[in-house]
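Chemist: Numbering (UniProt numbering), first residue to last: 16 to 262.
Before anything else, here's the structure in question.
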Ligand code: F6R
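Encoded structure:
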């Protein structure tokens with residue numbers, strides 16, 4: 016289903032509310048909430064609202080376990096563009112999550128250790144009973160996580176090559192396209208698909224064309240987000256400009 020919100024702030028608050036109620040219902044049963052998280056501009060307001068709920072309303076993250084979708088490769092965690100730094104600055108440094116419960120693909124691994132790391136990432140998620148909720152943005156290539164065009168529907172966590180358009184879009188963060196890594200470690204389409212609930216958010220006119228393809232376009236590996244059409248557990252949460260090309 017598609018939900019169109021009057022503005023990104025309203026969408027972000029609605030998503031944060033969903034996350035908070037999942038965390039609280041798990042807490043009430045003495046269970047962990049296993050969340051799949053995204054970086055980028057899109058989810059920032061969700062994280063801001065979660066921090067507010069923690070500070071103002073006492074929402075605790077002590078029972079929360081997180082798995083981030085992706086990280087550039089190679090990438091030092093203390094680099095300005097690292098997703099470790101992004102998550103710390105935009106969420107983790109401001110809540111009471113146990114650091115041991117945070118998982119982000121490791122951009123510092125030697126290349127021959129990546130395959131083993133990826134298998135273990137999948138296993139850690141599985142051993143916890145799978146992701147309760149996965150949050151997604153969407154790239155202009157139709158990527159979810161860094162599953163670029165050509166990704167298989169059953170793909171798992173792995174090292175991938177970034178699409179040229181994705182590197183163009185990241186150029187601003189890196190002070191030029193030449194400095195953007197050519198690779199990344201990402202959860203697969205299959206990893207995402209196994210989540211019990213998936214919320215894909217998109218804000219702004221810039222995303223309208225890819226949202227039309229993702230939601231209404233023909234199923235295709237050329238637009239990995241179209242695979243989400245096959246799931247009954249996906250919700251697209253859009254602002255009006257992002258939804259403006261939908262029929
Ligand atoms: C980030 C991620 C990417 C982004 C996408 C949109 O962890 O997996 O798929 O969600 O590139 O990025 P923004 O939100 O910056 O437009």
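Ideal Cβ placement from N, Cα and C applies to all residues, glycine included.
Keep in mind the model is a prediction, meaning the values are calculated, not measured.
Can you tell me whether DSSP reads residue 131 as helix, strand or coil?
Modeler: Taking the chain shown and counting its residues from 1, one reaches residue 131 at position 116. Looking at residue 131 - three-state DSSP - the assignment turns out to be helix.
Chemist: Over what stretch of residues does the beta strand (DSSP E) that includes residue 199 continue unbroken?
Modeler: Stepping through the chain shown from its first residue, residue 199 is reached at position 184. Taken as a continuous stretch (DSSP letters only), the beta strand (DSSP E) holding residue 199 covers 198-201.
Chemist: Does the beta-carbon of residue 58, which I'm using as the reference point, lie nearer than 8 Å to any heavy atom of the ligand F6R?
Modeler: Position 43 of the chain shown, counting from 1, holds the residue named residue 58. Correct: residue 58 has its Cβ closer than 8 Å to the ligand F6R.
Chemist: Threshold first: 4 residues or longer. Then list the alpha helix (DSSP H) segments lying entirely within the segment 79-109, N to C.
Modeler: You should have 98-105.
Chemist: When the Cα atoms are used, what is the spatial distance from residue 195 to residue 44?
Modeler: As a first step, residue 195 must be located in the chain shown, where it is residue number 180. As a first step, residue 44 must be located in the chain shown, where it is residue number 29. Approximately 44 Å, taken between the alpha carbons.
Chemist: Can you tell me whether residue 239 is buried or exposed? The criterion is at least 16 other CB atoms within 10 Å of its CB, across all chains shown.
Modeler: Residue 239 sits at position 224 when you count from the first residue of the chain shown. Buried.
Chemist: Near residue 186, what residues of its chain come up, given a Cβ to Cβ distance below 7 Å and the 5 sequence neighbours on each side ignored?
Modeler: Residue numbering aside, residue 186 sits at position 171 when the chain shown is read from its first letter. 192 and 195.
Chemist: Could you check whether residue 33 and residue 151 sit closer than 9 Å to each other, using their CB atoms as the reference points?
Modeler: Against the chain shown, residue 151 aligns to sequence position 136. Against the chain shown, residue 33 aligns to sequence position 18. No, the pair does not count as a contact, with Cβ atoms beyond the cut-off.
Chemist: From the DSSP output, which residues share a beta bridge with residue 17?
Modeler: Taking the first residue of the chain shown as 1, we reach residue 17 at position 2. According to DSSP, which records beta bridges pairwise, residue 17 is partnered with 251.
Chemist: Got a sec: does the ligand F6R put a non-hydrogen atom nearer than 8 Å to the Cβ of residue 189?
Modeler: Against the chain shown, residue 189 aligns to sequence position 174. No; taking the cut-off as 8 Å, the Cβ of residue 189 has no heavy atom of the ligand F6R nearer than that.
Chemist: How should residue 130 be labelled, buried or exposed, when 16 other C-beta atoms within 10 angstroms of its C-beta is the threshold for buried?
Modeler: Position 115 of the chain shown, counting from 1, holds the residue named residue 130. Label assigned to residue 130: exposed.
Chemist: Using the three-state DSSP reduction, which class does residue 214 fall into: helix, strand or coil?
Modeler: In the chain shown, residue 214 corresponds to position 199, counting from 1. Three-state DSSP puts residue 214 in a strand.
Chemist: Taking all protein chains shown into account, do 16 or more other C-beta atoms lie within 10 angstroms of the C-beta of residue 85, making it buried, or fewer, making it exposed?
Modeler: Your numbering for residue 85 matches position 70 in the chain shown. Under this definition residue 85 is a buried residue.
Chemist: Within the same chain, show all residues whose beta-carbon is closer than 8 Å to that of residue 189, passing over the 5 residues directly before and after it, in chain order.
Modeler: Position 174 of the chain shown, counting from 1, holds the residue named residue 189. Excluding residues within five positions, the ones whose Cβ falls inside 8 Å are 96 and 195.
Chemist: Check whether the Cβ of residue 98 sits closer than 8 Å to any heavy atom of the ligand F6R, and report yes or no.
Modeler: Along the chain shown, read from residue 1 onward, the residue named residue 98 stands at position 83. Residue 98: yes, Cβ under 8 Å from the ligand F6R.
Chemist: Check this for me: beta carbons of residue 82 and residue 119, under 9 Å apart or not?
Modeler: Taking the chain shown and counting its residues from 1, one reaches residue 82 at position 67. Taking the chain shown and counting its residues from 1, one reaches residue 119 at position 104. Going by C-beta atoms, residue 82 is nearer than 9 Å to residue 119.
Chemist: For residue 53, verify whether its CB is less than 8 Å away from any heavy atom of the ligand F6R.
Modeler: If you number the chain shown from 1, residue 53 lands on position 38. Indeed, a heavy atom of the ligand F6R lies less than 8 Å from the Cβ.
Chemist: Once you ignore the five residues that flank residue 169 on each side, which residues in its own chain have a CB closer than 6 Å to its CB?
Modeler: Here residue 169 corresponds to residue number 154 of the chain shown, with the count starting at 1. Excluding positions up to five away in sequence, the list reads 205.
Chemist: Quick one: what's got a C-beta closer than 6 Å to residue 42's C-beta in the same chain, skipping five residues either side?
Modeler: Numbered from its first residue, the chain shown carries residue 42 at position 27. Here the set comprises 78.
Chemist: Measure the Cβ-Cβ separation of residue 251 and residue 226 and say whether it is below 9 Å.
Modeler: Sequence index remark: in the chain shown, residue 251 carries index 236 (1-based). Sequence index remark: in the chain shown, residue 226 carries index 211 (1-based). Yes, Cβ-Cβ distance for residue 251 and residue 226 is below 9 Å.
Chemist: Please confirm if the segment 49-66 is in contact with the segment 216-225, defined as three or more CB-CB distances below 8 Å between the two stretches.
Modeler: The segment 49-66, when compared against the segment 216-225, does touch it at the 8 Å Cβ threshold.
Chemist: Taking 8 Å as the cut-off, is the beta-carbon of residue 84 closer than that to any non-hydrogen atom of the ligand F6R?
Modeler: Along the chain shown, one-based indexing puts residue 84 at 69. Residue 84: yes, Cβ under 8 Å from the ligand F6R.
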